[in-house]
């Protein structure tokens, strides 16, 4: 409520509709930031094992390998994937085009899924009874897998965060991570990255010795 009042009166003052902003002296509210953790390696494996068909396995591996947003995945066509280069062309926010990459395992499972299909849809991921697996369909698949695998908070964006964290933990430059995830601002990349205390302690021991 305080934030809403502050924004409203700041706008009134900026527009010249009031002479003095009554919220100008209010201090920022201090609150504890909740760290959103990525999936662990064990959780990722549990979700893979919960997949009952080729499509679901290809989907979860694709989400983790590419770090794509759910809206981006739902719009992809088969022709957007280059299996020779193990790359995929994605149209992200602001209609910006970028290239994401497939791991060998993700590429293998995606090819197996596409070869098993009997439909004529151009969509990379097809739904049951529909030509394309949409955003809501992808989220529903992941929720179902989460229930089966007994993994909490399973949603597409957590794969996005997990890839970012793992790439940074393994030494990738944050600018390169931002390019893969389609972030224009490095601060956005940092939001999705959970840095474990064990990594901080290891780094300290390495550089402080």
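Residue numbers (the numbering used here): 2 to 210. Glycine residues also receive a C-beta, built at the ideal position from the N, C-alpha and C atoms. Since the structure is predicted, the reported quantities are computational estimates derived from the model, not experimental observations.
Are there three or more Cβ pairs, one per stretch, closer than 8 Å when the segment 6-20 is compared with the segment 125-136?
no
Contact under 7 Å by Cβ, residue 125 with residue 48:
Walking along the chain shown from the start, residue 125 turns up at place 124. Walking along the chain shown from the start, residue 48 turns up at place 47. No, the Cβ-Cβ distance between residue 125 and residue 48 is not below 7 Å.
Among 25, 76, 40, 175, which has the Cα closest to the Cα of residue 123?
Taking the first residue of the chain shown as position 1, residue 123 is located at position 122. Minimum Cα distance to residue 123 is reached at 76.
Whose C-beta lies closer than 6 Å to the C-beta of residue 183 among residues of the same chain, with five residues either side of it excluded?
To locate residue 183, count along the chain shown from 1; it is residue 182. Cβ within range, chain order: 93, 99.
Can you check whether the CB of residue 51 is closer than 7 Å to the CB of residue 150?
The residue labelled residue 150 in the question sits at position 149 within the chain shown. The residue labelled residue 51 in the question sits at position 50 within the chain shown. For residue 150 and residue 51, yes; Cβs fall inside 7 Å.
For the alpha helix (DSSP H) that residue 5 lies in, which residues bound it at each end?
Here the question's residue 5 lines up with position 4 in the chain shown. 3-15 is the extent of the alpha helix (DSSP H) around residue 5.
Segment limits, beta strand (DSSP E) that includes residue 90
As a working mapping, residue 90 is identified with position 89 in the chain shown. Residue 90: member of the beta strand (DSSP E) spanning 88-92, first to last residue.
Could you check what DSSP says for residue 78 in three-state terms: helix, strand or coil?
In the chain shown, counting from the first residue as 1, residue 78 sits at position 77. Looking at residue 78 - three-state DSSP - the assignment turns out to be strand.
Runs of beta strand (DSSP E) wholly within the segment 137-189 (minimum 3 residues, chain order):
none
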